[in-house]
Amino acid sequence: MLGLPAKKTRQTRRFKGKDRSENDGIAANLLETAIFMPMKPRFRGVDACLSRSFDSQAVLHAIDYYNSMISPDLVPVENPENPYRFSSSDVRFLPPTVLHNLFSIVFSHELIRRDGIHSDNGSQSSVAVYSHRGLALRSLNQDLASPETQTSDMVIACILMFTLAELQLSVCRDWDKHITGVKKIIELRGGLKNVAGRDKHLDAMLAYFMIIDVMSFTTSPRPAMAHTNSWMNDQIQYLEIIPDLYKSGVSTCFACPTELFVDIIRINQLRAAEQLETNIHQLTTSSQDVLNHVLQFSSLKWVATYLCGQNSETTSDIHAVEPIMSGWLSVAEIYHAAVTLYCLGSLSPLIGVIQSVSSISQARIASYNSIKLHLRNIFLAKDGAAQMRKLLIWPLVIAGIETRKEDSSFRLFITTQLNWMSSALGTYAPIEARQFLESHWRSVDHCLPSEEKPWESMFDKHFVFVL
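Position 63 of the sequence shown, counting from 1, maps to 654 under this note's numbering, and the rest follow consecutively.
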């Protein structure tokens, strides 16, 4: 879902230092992850495209729909520099993989906006979604056999485009295989730092790659022991590249301030480290340090520095600047409260060694009240906050996890907003979030407070509640 990387690179990389049999093994590995190879330059121009059963008017309509209805929701505020837009000048160079993916995404978006959860109803349009998805996979898997383009920028971009398409449908559970495939290619390229910084469109997709990998861990069981070290090494790479890809936290639809996103990664690392033979004293101390850092975050300072361009040492009242800044302040407060709740909930066995039960409880209550207040402010606002509402799927889920049956009105508020978000965004993820929360509530409503579920036992699979 992007303006594709510039056509300047047609890499012919053959994995230097490896013999032919080893190259074949790498290709086999990539095939096992169900990812794909885009574009060997197999055709040029719209005429060649049409010879492959693409109608030029249909292609142009799909691109226009995508640019007007989908790409604006991949950024917090639509602007002419949106890196997720398709450029009309590149239409004739789009490979079949991208075109099939584009049609699948557009048909899915139209169906979900129109029919909601009943979109997958066997209609002609829903059949077309899966038909184009299958053709895209077939095209990419054919290309995967060729080592010349196996690690190109275009491959990475197309895999990530396919990942976002899978997450849009939600019912398709192959997105994690695509992420694994991208990781393998990035490893072959020498790491994320060697891949990023070459093309703004690819960087925009890599930002989502990083966000998806990080945030899927917050709403998933712990990784298997065998994968823990590898996963933690990935997170270290992310910490090093955040300033280049994630920037200030307002370049994607996941509008979490950068400081808090870094804290999420560190919380994830501590959760993973619990499985390893690590000094428990070191873990508890580190957990307390992360919690302190989260609690010290200033939403006002973030808004003043990154959105108002003011000196962070001389912040004025953001409410007085203009109403939109007040909305961004609420967004920052929502993410601050959500990350605090995630930290307290997921690291409670470690934090509880140092903190008293009462102090943890007070922090959770304060954060819950804050997220509840600011979510209502954003979702009930009548002053143009519609786009901001689309940035808050993950905080809504965290707030939902924290609600108890006594607060049934807020539960109804959350499910109502998730239904709205699914229709507004044209994705199933908010519906999946609602279904997860409803199942979670049925489970916890029959438990005593002392029987609270450990964080990792709430999830039976990898969820991604980002877009």
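Positions of the beta carbon are idealized from the N, C-alpha and C atoms, including for glycine. Just so we're clear, the structure is a prediction, and the values are computed from it rather than from any experiment.
On a CA-only basis, which of the options is nearest residue i? Give me that one, please.
{"i": "residue 568", "options": "757, 950 and 925", "result": "What the structure shows of the chain is the stretch from 592 to 1058, and residue 568 is not part of that stretch, so it cannot be assessed."}
{"i": "residue 890", "options": "916, 878 and 670", "result": "916"}
{"i": "residue 926", "options": "939, 966 and 831", "result": "966"}
{"i": "residue 1008", "options": "980, 838 and 731", "result": "980"}
{"i": "residue 982", "options": "653, 660, 648 and 667", "result": "667"}
{"i": "residue 850", "options": "882, 875, 987 and 823", "result": "882"}
{"i": "residue 848", "options": "892, 1036 and 741", "result": "892"}
{"i": "residue 1051", "options": "755, 856, 813 and 691", "result": "813"}
{"i": "residue 808", "options": "734, 825, 1004 and 1018", "result": "825"}
{"i": "residue 822", "options": "1046, 863 and 833", "result": "863"}
{"i": "residue 696", "options": "1019, 1028, 1045 and 746", "result": "1019"}
{"i": "residue 688", "options": "1044, 840 and 722", "result": "722"}
{"i": "residue 1032", "options": "1003, 1014, 1054 and 1021", "result": "1003"}
{"i": "residue 791", "options": "693, 767 and 744", "result": "744"}
{"i": "residue 778", "options": "740, 828 and 736", "result": "828"}
{"i": "residue 572", "options": "718, 798 and 767", "result": "Because residue 572 is not part of the residues shown, which for the chain are 592 to 1058, the question remains open."}
{"i": "residue 971", "options": "918, 733 and 838", "result": "918"}
{"i": "residue 783", "options": "737, 740, 836 and 759", "result": "836"}
{"i": "residue 1058", "options": "1037, 1029, 1035 and 1012", "result": "1012"}
{"i": "residue 930", "options": "947, 985, 899 and 968", "result": "985"}
{"i": "residue 977", "options": "998, 1014 and 943", "result": "1014"}
{"i": "residue 831", "options": "841, 798, 861 and 898", "result": "798"}
State buried or exposed for residue i, treating a residue as buried only when at least 16 other CB atoms are found within 10 Å of its CB.
{"i": "residue 676", "result": "buried"}
{"i": "residue 960", "result": "exposed"}
{"i": "residue 748", "result": "buried"}
{"i": "residue 785", "result": "exposed"}
{"i": "residue 995", "result": "exposed"}
{"i": "residue 1025", "result": "buried"}
{"i": "residue 646", "result": "exposed"}
{"i": "residue 705", "result": "exposed"}
{"i": "residue 1023", "result": "buried"}
{"i": "residue 963", "result": "buried"}
{"i": "residue 844", "result": "buried"}
{"i": "residue 954", "result": "buried"}
{"i": "residue 880", "result": "exposed"}
{"i": "residue 887", "result": "exposed"}
{"i": "residue 974", "result": "exposed"}
{"i": "residue 1045", "result": "exposed"}
{"i": "residue 649", "result": "exposed"}
{"i": "residue 834", "result": "exposed"}
{"i": "residue 781", "result": "exposed"}
{"i": "residue 854", "result": "buried"}
{"i": "residue 956", "result": "exposed"}
{"i": "residue 670", "result": "exposed"}
{"i": "residue 935", "result": "buried"}
I think residue i touches residue j, with their Cβ atoms under 8 Å apart; what is that distance to the nearest whole Å?
{"i": "residue 873", "j": "residue 819", "result": "With a Cβ gap of about 16 Å, residue 873 and residue 819 do not count as contacting."}
{"i": "residue 750", "j": "residue 772", "result": "6 Å"}
{"i": "residue 923", "j": "residue 894", "result": "6 Å"}
{"i": "residue 856", "j": "residue 933", "result": "About 12 Å; that fails the 8 Å criterion."}
{"i": "residue 941", "j": "residue 875", "result": "5 Å"}
{"i": "residue 682", "j": "residue 654", "result": "6 Å"}
{"i": "residue 754", "j": "residue 1056", "result": "The Cβ separation is near 15 Å, so there is no contact."}
{"i": "residue 939", "j": "residue 951", "result": "7 Å"}
{"i": "residue 1049", "j": "residue 992", "result": "7 Å"}
{"i": "residue 727", "j": "residue 692", "result": "5 Å"}
Problem - Completely contained alpha helix (DSSP H) runs for the region 780–868, where each covers 4 or more residues - result: 783–786, 791–809, 816–836 and 849–864
Handout entry: alpha helix (DSSP H) segments (min. 4 residues) lying fully within the region 879–963
Key = 890–897, 914–937 and 939–945
Exercise for the section: For the region 653–714, list the alpha helix (DSSP H) runs that are entirely contained and at least 4 residues long, ordered along the chain. Expected result: 687–706
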